[in-house]
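FYI, in this note's numbering the residues of the sequence shown are 19 to 443.
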Amino acid sequence: MQSSVSGLLDLPSLVLKCSNGGLYDEAVDVMMLADERIASLRASGCCGMPLLDFLEMQWFARGIRHTESLKLHLCLRFAVSGLRAASELLRVDVLQTAINYRAIFGSTDGRLSAWLAEQVHWFVKLLDKELLQRTEISEPVDGDSIGARASLDLAAVEAGVTQKNVRPVPKFRVGLLDLATILRQVHTAATAFRRVQCYFFPVAALTFDRYVVAMHRRRLEEIAAAFARSIDEYDCVPSTAHLSLLGTSPWFQSCLSANRSCVFLLRHAPLSNLYNSILEVANAFQECPISTTAPVVVSLIESLLAFCIRKLISVKPGRRENFEAEINAIEQRLVQKDDGREGSVTQAEFFVLCDIFATVLLPAVAQQLSSTFPLPTGLATEELRSLMASADLCRSPNPFTDACSARDEQPTGLDSPTDTLPVVP
Numbered sequence: 019m020q021s022s023v024s025g026l027l028d029l030p031s032l033v034l035k036c037s038n039g040g041l042y043d044e045a046v047d048v049m050m051l052a053d054e055r056i057a058s059l060r061a062s063g064c065c066g067m068p069l070l071d072f073l074e075m076q077w078f079a080r081g082i083r084h085t086e087s088l089k090l091h092l093c094l095r096f097a098v099s100g101l102r103a104a105s106e107l108l109r110v111d112v113l114q115t116a117i118n119y120r121a122i123f124g125s126t127d128g129r130l131s132a133w134l135a136e137q138v139h140w141f142v143k144l145l146d147k148e149l150l151q152r153t154e155i156s157e158p159v160d161g162d163s164i165g166a167r168a169s170l171d172l173a174a175v176e177a178g179v180t181q182k183n184v185r186p187v188p189k190f191r192v193g194l195l196d197l198a199t200i201l202r203q204v205h206t207a208a209t210a211f212r213r214v215q216c217y218f219f220p221v222a223a224l225t226f227d228r229y230v231v232a233m234h235r236r237r238l239e240e241i242a243a244a245f246a247r248s249i250d251e252y253d254c255v256p257s258t259a260h261l262s263l264l265g266t267s268p269w270f271q272s273c274l275s276a277n278r279s280c281v282f283l284l285r286h287a288p289l290s291n292l293y294n295s296i297l298e299v300a301n302a303f304q305e306c307p308i309s310t311t312a313p314v315v316v317s318l319i320e321s322l323l324a325f326c327i328r329k330l331i332s333v334k335p336g337r338r339e340n341f342e343a344e345i346n347a348i349e350q351r352l353v354q355k356d357d358g359r360e361g362s363v364t365q366a367e368f369f370v371l372c373d374i375f376a377t378v379l380l381p382a383v384a385q386q387l388s389s390t391f392p393l394p395t396g397l398a399t400e401e402l403r404s405l406m407a408s409a410d411l412c413r414s415p416n417p418f419t420d421a422c423s424a425r426d427e428q429p430t431g432l433d434s435p436t437d438t439l440p441v442v443p
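Next comes the structure, spelled out in structure tokens:
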């Protein structure tokens, strides 16, 4: 009985192959054979249900055995290869089973819909397990949704600064480039599933969003902790490396430099390191550019900059007005390409650092993010600058204001490069 049913289920595909190959007589012979087997099964009456229902049960029994064996094999693979193979399993084997069922039995309702729902549920749970559970990514926090303003986990940042009671660092098992490949395959499978009225991509996309946001959040928390440590250890002794770049570097003198004013960041290592680290995050975003995560990542970068400003406020050496003359003298010499170190006072140099932060770093970051993230609104530079001004960290305008405007408004003649560039050529 089982062999007869199994052979009968193979006949429709055999008819299709014969027809596609122009073997029409053979196709008619196969259909006649199918008619004889159906008549024989009905005459035998050996099953206690209508023949069509019995054939459907046997079809699914065979399809389930094949699919489950493939699923078991996927569990033995690594995360990247396993997820890619799982998406292919949906797109090829599961979808083909559904299409063949619809071609034979003429419907996608009932048993087929329930079976497809089981396969999609398995795949979504597999995504959640491999990307979220194994990486120990918790439930989304406030601000991780579209339209809300996300912020860094300040407790994690402070723990990273002191290196005490540091929470376990999540081990992200899938890189952004591999994740982008998996996402494309899942989208292809989801698009193909629309042929059988099955829609699941929005559910799967939420898992990808959470994973991408968690990766960028963790990296930005590390950057915040590194900046805080560097400020605690910094003696505000400036570097003069930028002077040689201003005068001799063809990179800064050429039209390829999108932000030539960034050369002033080299005067203080914490600022240049912070800027370069933010650019690394922006470039990493382009490896898997999910547009729905862009607002969250930009909000996290704003949170990082706000944390850095609060850190500067916490180590403020005194009232700015007490050092105003020294600050102006240093900044005037800097924009005139002097080293600005003669007679430099540590306290005054701290406020020079803050002026560079507000006048150079914030606009440069905003410009780079606007070219990377597909958002109608960019970085809230005015809010961040107001936070610094209210704490008496910076003055605006200052000597850097006109110098930066003159440099950055010069016509370049070329489009900005695709990837953002660090301040060191």
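We put the beta carbon where it would ideally sit given N, CA and C, even for glycine.
Asked                                                                                                                                                                            : Found
How many angstroms separate the CA atom of L405 from the CA atom of V378?                                                                                                        : 16 Å
Which term fits G178, buried or exposed, when burial requires 16 or more other beta carbons within 10 angstroms of its beta carbon?                                              : buried
Kindly list the residues whose CB is nearer than 8 Å to the CB of S31, restricted to its own chain and excluding five residues on each side of it in sequence; keep chain order. : N118
Considering only C-alpha positions, which residue in the set V214, L238 and E367 is nearest to C254?                                                                             : E367
Would you call S317 buried or exposed, if buried means 16 or more other Cβ atoms sit within 10 Å of its Cβ?                                                                      : buried
Quick check: the Cα distance between H205 and F219, rounded to an integer number of angstroms?                                                                                   : 7 Å
For the region 186–242, list the alpha helix (DSSP H) runs that are entirely contained and at least 4 residues long, ordered along the chain.                                    : 194–211
Are the CB atoms of V214 and A116 nearer to each other than 7 Å?                                                                                                                 : yes
Going by beta carbon distance, what residues of the same chain come within less than 6 Å of L197, once the five residues before and after it are set aside?                      : C306
Does the structure place the region 379–388 close enough to the region 333–352 that three or more beta carbon pairs sit under 8 Å?                                               : no
Among the residues of its own chain, which have a CB less than 8 Å from the CB of V48, if the five just before and after it don't count?                                         : L29, L32, V33 and C36
Tell me whether V184 is buried or exposed, calling it buried when 16 or more other Cβ atoms sit within 10 Å of its Cβ.                                                           : Because V184 carries a pLDDT of 49, less than 50, the predicted location of this residue cannot be relied on, and the following value inherits that uncertainty. With fewer than 16 other Cβ atoms within 10 Å, it is exposed.
According to the Cβ coordinates, are L201 and F226 closer than 7 Å?                                                                                                              : yes
Over the uninterrupted alpha helix (DSSP H) stretch that includes G178, give me the two end residues.                                                                            : L172 to T180
For a test of the three-state rule: what should DSSP assign to P30, helix, strand or coil?                                                                                       : helix
Run through the region 94–159 for me and flag every whole alpha helix (DSSP H) of 4 or more residues, listed as ranges in chain order.                                           : 97–106, 113–123 and 129–145
I'd like to know whether the C-beta atoms of A376 and R351 end up nearer to each other than 7 Å.                                                                                 : no
Give the DSSP-derived three-state secondary structure of K329 in the structure shown.                                                                                            : helix
Distance, Cα to Cα, H234 vs T311?                                                                                                                                                : 10 Å
Taking the alpha-carbon positions, what's the V142 to L292 distance?                                                                                                             : 37 Å
Between L145 and A222, which are expected to be in contact by the criterion C-beta below 8 Å, what is the C-beta distance as a whole number of angstroms?                        : 6 Å
Could you tell me the alpha carbon to alpha carbon distance between N416 and S290, rounded to whole angstroms?                                                                   : 20 Å
What residues in its chain sit with their C-beta under 6 Å from that of T419, if we drop five residues either side in the sequence?                                              : T377
Report the three-state DSSP secondary structure of P313 (helix, strand or coil).                                                                                                 : helix
Between H286 and L380, how many whole angstroms is the CB-CB distance? I'm expecting something under 8 Å.                                                                        : No, H286 and L380 are not in contact; Cβ-Cβ is about 15 Å, not under 8 Å.
Pick helix, strand or coil for N416, following the three-state DSSP scheme.                                                                                                      : coil
Quick one: what's got a C-beta closer than 6 Å to L323's C-beta in the same chain, skipping five residues either side?                                                           : L402
At the level of alpha carbons, what is the spacing between L69 and L107?                                                                                                         : Note that L69 scores 46 on pLDDT, short of 50, meaning its location in the model is unreliable; the coordinates nonetheless yield the value given after this. Going by the C-alpha atoms only, they are around 30 Å apart.
Mark I354 as exposed unless 16 or more other C-beta atoms lie within 10 angstroms of its C-beta, in which case mark it buried.                                                   : Just to set this straight, residue 354 is Gln in the shown sequence, not Ile. It is exposed - the Cβ of Q354 has fewer than 16 other Cβ atoms within 10 Å.
Applying the criterion that 16 or more other CB atoms from any shown protein chain within 10 Å of the CB defines a buried residue, is L101 buried or exposed?                    : buried
Mind checking N38: buried by the 16 CB within 10 Å criterion, or exposed?                                                                                                        : exposed
Give a yes or no on whether the C-beta atoms belonging to L170 and S321 are separated by under 7 Å.                                                                              : yes
Using only CA atoms, which one of T364, I155, Q203 and L41 lies nearest to K2?                                                                                                   : Past the edges of the chain, shown from 19 to 443, lies residue 2, and the structure says nothing about it.
Give the secondary structure of P288 by DSSP, where H, G and I count as helix, E and B as strand, and everything else as coil.                                                   : helix
What residues in its chain sit with their C-beta under 6 Å from that of A97, if we drop five residues either side in the sequence?                                               : E148, R191 and V192
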